[in-house]
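S.K.: Here the working numbering = 1-based position in the sequence shown + 10.
Have a look at the structure that comes next, please.
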Amino acid sequence: MANAISAIRLEINGIVQGVGFRPFVYQLANRCGLNGEVANTATGVSLILEGPQDRIRQFIDALPHRKPPLAHIVDIIEKPQATAGFTSFSIVKSRGSSTRATLISPDVMVCSDCLAEMRDPTDRRYRYPFINCTNCGPRYTIIDDIPYDRPKTSMRHFTMCTQCQAEYDDPDNRRFHAQPNACPVCGPQVTLCDAGGRAVTIEDPIVAAADRLKQGRIVAVKGLGGFHLAVDATNEAAVARLRRRKHREEKPLALMCADMQRVGDIARVTDAEAALLVSIQRPIVLLAKRAQTPIAEAVSPRNRYFGVMLPYTPLHHLLLDAGFAALVMTSANLSEEPIAIDNQEAFARLAEIADDFLVHDRDIYLRSDDSIVRHTAGHMRPIRRSRGFVPVPIFLKDEVPPVLACGAELKNTVCLTRGRQAFVSQHIGDLENRATDEFFRMTVDHLRRILDIEPQLVACDLHPDYLSTQYAKALDGITRIEVQHHHAHIAACLAENQADGPVIGLAFDGTGLGSDNTIWGGEILVADYTGFTRVAHLNPVPMPGSAAAIREPWRMAVSHLQAAFGDAHMPADLPLLRQADPKQLQVLMQMAQKRLNSPLTSSLGRLFDTVAAIVGLRQRVAFEGQAAMELEMIADADERNSYDFSWEGDDILTIATAPLIQAVVADVIHGVAPSVVSARFHNTLIRLVDALCIHLKGQTGIDRVALSGGVFQNSRLLTHLVAALEVSGFDVLTHRQVPANDGGLSLGQAVVAAARATHA
Ligand code: ZN
Ligand code: ZN
Ligand code: FE
11 MANAISAIRL EINGIVQGVG FRPFVYQLAN RCGLNGEVAN TATGVSLILE GPQDRIRQFI
71 DALPHRKPPL AHIVDIIEKP QATAGFTSFS IVKSRGSSTR ATLISPDVMV CSDCLAEMRD
131 PTDRRYRYPF INCTNCGPRY TIIDDIPYDR PKTSMRHFTM CTQCQAEYDD PDNRRFHAQP
191 NACPVCGPQV TLCDAGGRAV TIEDPIVAAA DRLKQGRIVA VKGLGGFHLA VDATNEAAVA
251 RLRRRKHREE KPLALMCADM QRVGDIARVT DAEAALLVSI QRPIVLLAKR AQTPIAEAVS
311 PRNRYFGVML PYTPLHHLLL DAGFAALVMT SANLSEEPIA IDNQEAFARL AEIADDFLVH
371 DRDIYLRSDD SIVRHTAGHM RPIRRSRGFV PVPIFLKDEV PPVLACGAEL KNTVCLTRGR
431 QAFVSQHIGD LENRATDEFF RMTVDHLRRI LDIEPQLVAC DLHPDYLSTQ YAKALDGITR
491 IEVQHHHAHI AACLAENQAD GPVIGLAFDG TGLGSDNTIW GGEILVADYT GFTRVAHLNP
551 VPMPGSAAAI REPWRMAVSH LQAAFGDAHM PADLPLLRQA DPKQLQVLMQ MAQKRLNSPL
611 TSSLGRLFDT VAAIVGLRQR VAFEGQAAME LEMIADADER NSYDFSWEGD DILTIATAPL
671 IQAVVADVIH GVAPSVVSAR FHNTLIRLVD ALCIHLKGQT GIDRVALSGG VFQNSRLLTH
731 LVAALEVSGF DVLTHRQVPA NDGGLSLGQA VVAAARATHA
């Protein structure tokens with residue numbers, strides 16, 4: 011009786027509201043010849059299907075494959091249902107008063123249908139820079155509260171005209187219940203303003219802005235999650251001026267190219283990278299530079315990569331239509347402050363930077379920087395997870411209680427959990443100033459509100475000075491759990507892989523407070539969610555001058571040289587020492603020796619800095635990790651040799667750094683090229699860590715390794731270490747959803763706190 015009429019109820023959970031899901035269901039049901047109804051519920055969408063069983067099956071099979079681009083189905087629960095004799099399929103009113111547990115879509119790129127309309131001179135939205143539909147446009151950044159309806163978004167100030175309202179009400183229309191729906195008659199408008207924030211009367215503000223960019227001017231452009239500062243990327247003087255005014259000396263600046271062909275003109279793009287560039291999230295993708303490009307040298311000096319993205323708003327497309335090889339599109343802020351989002355705020359804060367402002371009157375409620383990704387070791391690796399990805403949750407293996415995790419100090423994010431979902435916030439930044447601290451607090455409040463989460467636990471770092479830790483400590487009436495930095499790194503890696511411990515965790519980064527009050531960063535832990543044992547670490551050395559040793563890698567080099575050679579036998583032939591100011595050197599050595607303002611560190615990030623300084627690459631850095639990054643980039647791809655290595659100890663193993671430093675010094679003194687020394691250093695680390703993991707497997711029986719920490723942004727290390735460990739029979743877990751750097755730390759803190767509370 012396959013074709014007897016039967017009925018079924020489907021409960022679909024996930025990102026299924028505000029993304030055109032009900033019209034899609036309506037159309038699919040009609041195509042399959044099914045009757046019934048669909049409605050939004052508190053957790054997603056509920057639908058009843060009536061018809062022949064084989065057609066119901068056909069519907070269920072097609073559902074996940076044909077779903078709208080923004081929809082994200084978490085699960086589909088099938089429930090038997092008595093037939094009720096439906097004669098058609100319809101969209102009915104929401105069931106229940108609340109839609110609070112539903113998921114909110116991230117902001118995504120303008121879709122091809124909308125773009126085609128925008129380019130059609132006969133369309134009523136011809137060249138309208140706020141065109142959108144249920145398949146595209148802003149979401150997360152314009153929501154103030156839930157449920158996600160127009161009055162709860164920054165579109166509430168715009169009343170739809172009759173034509174827009176008709177589209178909004180029509181289930182057959184692509185704009186059915188598209189909350190940001192708008193047109194030139196009823197919606198937001200762009201305005202060009204001068205440096206003083208005064209509106210310029212001009213026929214087409216976008217064309218005028220493009221003209222000014224061509225003249226080499228700096229234009230602040232209001233986008234989706236904040237302002238960008240734009241300049242013509244081929245104009246050396248303009249790029250240099252932007253850097254000067256923004257106080258950003260060396261960090262690479264992001265580029266936006268009109269299309270894939272233009273990207274191909276300036277960078278070599280693999281198929282996998284191309285897929286990332288065109289993905290709906292439209293992240294900045296790190297791409298290998300071509301040898302000859304028209305792009306100004308100052309865009310990414312001493313760097314083999316460009317960070318490139320494609321246009322993602324209609325406004326970007328219209329700007330780039332003016333025919334630029336690329337525009338620099340960098341977050342509009344002074345170095346280390348949050349990106350500007352409000353018009354008045356932008357006029358005030360960017361007055362000294364921008365020559366012109368291209369603004370609009372649709373408010374941004376929550377800032378969201380561009381995401382940055384890299385394709386390496388076979389997968390997409392997020393470096394900064396922000397616009398386009400947030401607030402899609404990381405799905406956990408098990409349910410957890412509601413936790414607020416406050417994250418680290420640098421590259422801060424926060425994380426809120428609910429059931430099996432962990433919501434990692436957008437990139438907040440370095441919590442080193444008031445503005446970023448305010449942004450941190452605002453993001454916590456905003457996320458709690460739109461996710462409707464009342465945390466039972468708050469998790470934070472061990473470090474008492476982090477503003478995120480201080481925030482956690484100031485919360486009343488909530489259990490606080492402090493999580494060691496490197497444990498959190500490994501737990502984050504376990505969580506996003508839905509894996510359980512115990513695992514051999516390689517936590518390699520720049521800085522994190524250890525449980526013994528020294529600074530860790532070259533740690534091998536045996537860990538699960540609840541706890542960890544430090545089984546091995548790099549030999550600790552003093553950091554002369556503390557934070558100054560991070561900014562000045564030569565200080566770390568001197569400290570490592572002291573540890574490797576002894577003060578009396580320093581290798582005087584080494585260019586680094588020959589070129590150093592003898593007095594300064596003397597002071598530094600005494601500082602380290604007497605341990606004055608020189609905390610001990612076992613950081614691998616600092617060891618990278620050390621080698622970079624010894625080979626003469628860089629004695630000072632403009633941003634953390636710069637020396638390490640440059641050391642990776644110069645590494646000779648063909649060099650196979652490595653240095654000797656060893657470790658000592660019984661209980662906790664100490665990885666000796668002295669033989670490595672001695673070998674590097676010998677090579678440098680013998681004139682071996684820095685590129686070869688760098689390759690040998692990388693090769694040594696890979697062989698050492700592989701051997702150490704095999705040793706630990708012998709002792710513990712654990713054959714799974716988790717890799718986390720900012721050092722794993724190093725593509726050469728990641729790629730070759732994963733390969734080596736797999737050859738040695740390890741199951742290797744790496745980051746693909748959250749950054750390996752401290753941007754992923756809040757996720758780890760959250761799952762550790764949840765596990766401790768549950769298993770206490
Ligand atoms: Zn669209
Ligand atoms: Zn309208
Ligand atoms: Fe870290």
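Ideal Cβ placement from N, Cα and C applies to all residues, glycine included.
Does Pro-131 pass the burial test, meaning 16 or more other C-beta atoms within 10 Å, or should it be called exposed?
M.R.: Burial call: exposed.
S.K.: Would you decide whether Ala-342 is buried or exposed? Buried here means 16 or more other CB atoms lie within 10 Å of its CB.
M.R.: Answer is buried; the Cβ neighbour count reaches 16.
S.K.: Rounded to the nearest angstrom, what separates Asp-752 and Arg-588 at their Cα positions?
M.R.: About 36 angstroms.
S.K.: Identify the residues that DSSP records as bridge partners of Gly-522: which are they?
M.R.: DSSP lists Trp-530 as partners of Gly-522.
S.K.: Kindly examine ligand 3 and report whether one of its heavy atoms sits closer than 7 angstroms to the Cβ of Asp-519.
M.R.: Asp-519 Cβ: within cutoff of ligand 3.
S.K.: Out of Ala-668, Ile-460 and Leu-202, state which residue places its alpha-carbon closest to the alpha-carbon of Ala-364.
M.R.: Measuring from the Cα of Ala-364, the nearest candidate turns out to be Leu-202.
S.K.: Among Val-721, Val-279 and Asp-275, which one has its Cα closest to the Cα of Pro-304?
M.R.: For Pro-304, the nearest C-alpha among the options comes from Asp-275.
S.K.: To which residues of the same chain is Leu-296 closer than 6 angstroms at the C-beta, ignoring the five residues directly before and after it?
M.R.: Excluding positions up to five away in sequence, the list reads Tyr-315, Gly-317 and Arg-384.
S.K.: Just to check, is the beta-carbon of Val-273 closer than 7 angstroms to a non-hydrogen atom of ligand 1?
M.R.: It does not: the Cβ of Val-273 is nowhere closer than 7 angstroms to a heavy atom of ligand 1.
S.K.: So, helix, strand or coil for Gln-225, using DSSP?
M.R.: DSSP places Gln-225 in coil when its eight states are reduced to three.
S.K.: Going by the C-beta, is Ala-192 closer than 7 angstroms to any heavy atom of ligand 2?
M.R.: Checking every heavy atom of ligand 2 against the Cβ of Ala-192, one is found closer than 7 angstroms.
S.K.: Quick one: measure Cβ to Cβ for Leu-406 and Gln-508, integer angstroms, because I've assumed they're closer than 8 angstroms.
M.R.: The pair is a contact, with the Cβ atoms about 7 angstroms apart (cut-off 8 angstroms).
S.K.: Which residues have their C-beta within less than 5 angstroms of a heavy atom of ligand 1, listed in chain order?
M.R.: Residues flagged by the Cβ proximity filter: Cys-121, Cys-124, Cys-143, Asn-145 and Cys-146.
S.K.: Is Asp-182 helix, strand or coil by DSSP?
M.R.: Residue state, collapsed to three classes: coil.
S.K.: Is Gln-189 near ligand 5, going by C-beta to nearest heavy atom under 7 angstroms?
M.R.: Judged by which ligands are present, ligand 5 is missing from the structure shown, whose ligands are ligand 1, ligand 2 and ligand 3.
S.K.: Take Ile-662 and list the residues in its own chain whose beta-carbon comes closer than 8 angstroms to its own, dropping the five residues that flank it on each side.
M.R.: Only Arg-544, Val-545, Ala-546 and His-547 meet the Cβ criterion.
S.K.: Looking at Leu-757 and ligand 3, is the gap between the Cβ and the nearest heavy atom below 7 angstroms?
M.R.: No, the beta carbon of Leu-757 sits no closer than 7 angstroms to any heavy atom of ligand 3.
S.K.: Can you check the segment 661-723 for any alpha helix (DSSP H) of at least 4 residues that lies completely inside it and give the ranges in chain order?
M.R.: Taking only runs of at least 4 residues, the alpha helix (DSSP H) segments lying wholly in the segment 661-723 are 668-679 and 684-710.
S.K.: By a C-beta neighbour count over all protein chains shown, 10 Å radius and 16 as the cutoff for buried, is Arg-272 buried or exposed?
M.R.: Classification for Arg-272: buried.
S.K.: List the residues that DSSP assigns as beta-bridge partners of Cys-143.
M.R.: Answer is Cys-146, bridged to Cys-143.
S.K.: Shorter than 7 angstroms, the distance from the beta carbon of Met-170 to the closest heavy atom of ligand 2, or not?
M.R.: Correct: Met-170 has its Cβ closer than 7 angstroms to ligand 2.
S.K.: Just the Cα atoms here: how many angstroms apart are Leu-698 and Arg-292?
M.R.: Their backbone Cα atoms lie some 38 angstroms apart in a straight line.
S.K.: Does Met-128 come within less than 8 angstroms of chain D when only Cβ atoms are used?
M.R.: No chain D appears in the structure shown, which is made up of a single protein chain.
S.K.: Exposed or buried, which one is Lys-593 when buried takes at least 16 other CB atoms within 10 Å?
M.R.: It is exposed - the Cβ of Lys-593 has fewer than 16 other Cβ atoms within 10 Å.
S.K.: Which two residues bound the contiguous alpha helix (DSSP H) that contains Pro-33?
M.R.: From DSSP, the alpha helix (DSSP H) with Pro-33 extends over 31-42.
S.K.: In the segment 184-215, which residue ranges form an unbroken beta strand (DSSP E) of at least 3 residues, counting only runs that do not cross its ends?
M.R.: As far as the segment 184-215 is concerned, its whole beta strand (DSSP E) runs of at least 3 residues are 200-204.
S.K.: So Lys-89 packs on Arg-19, CB below 8 angstroms; how close in whole Å?
M.R.: 4 angstroms between Cβ atoms; contact.
S.K.: Would you give the residue range spanned by the alpha helix (DSSP H) that Val-26 belongs to?
M.R.: Unbroken run through Val-26: none, as it is neither H nor E.
S.K.: When you compare the CB positions of Tyr-322 and Met-128, do they come within less than 8 angstroms of one another, or not?
M.R.: For Tyr-322 and Met-128, no; Cβs fall outside 8 angstroms.
S.K.: Between Ile-374 and the rest of its own chain, which residues show a CB-CB distance below 6 angstroms, the 5 nearest in sequence each way excluded?
M.R.: For Ile-374, where only same-chain residues beyond five positions count, the Cβ hits under 6 angstroms are Thr-151 and Ile-351.
S.K.: Tell me whether the beta-carbon of Ala-432 lies closer than 8 angstroms to the beta-carbon of Ala-760.
M.R.: Yes, Cβ-Cβ distance for Ala-432 and Ala-760 is below 8 angstroms.
S.K.: Just list the beta strand (DSSP E) runs in the segment 447-476, keeping only unbroken ones of 3 residues or longer that don't cross its boundaries, in chain order.
M.R.: Counting only runs of 3 or more, we get 467-471.
S.K.: In or out: Thr-109 buried (at least 16 other Cβ within 10 Å) or exposed?
M.R.: Summary for Thr-109: the model assigns pLDDT 49, below 50, so the residue's position carries little reliability; its value from the coordinates is reported in the next sentence. It counts as buried.
S.K.: In whole angstroms, give me the CA-to-CA distance for Leu-125 and Pro-609.
M.R.: Each residue's alpha carbon lies about 56 angstroms from the other.
S.K.: Here's a check: name, in chain order, each residue in its chain whose Cβ is nearer than 6 angstroms to the Cβ of Met-11, leaving out the five neighbours to either side.
M.R.: Low confidence applies here, because Met-11 scores a pLDDT of 48, under 50, leaving its location unreliable; read the following figure in that light. Taken in chain order, the list of residues that qualify is empty.
S.K.: Have a look at Ala-733 and Pro-465 and give me their C-alpha separation to the nearest angstrom.
M.R.: If I take the Cα positions, the gap works out to 40 angstroms.
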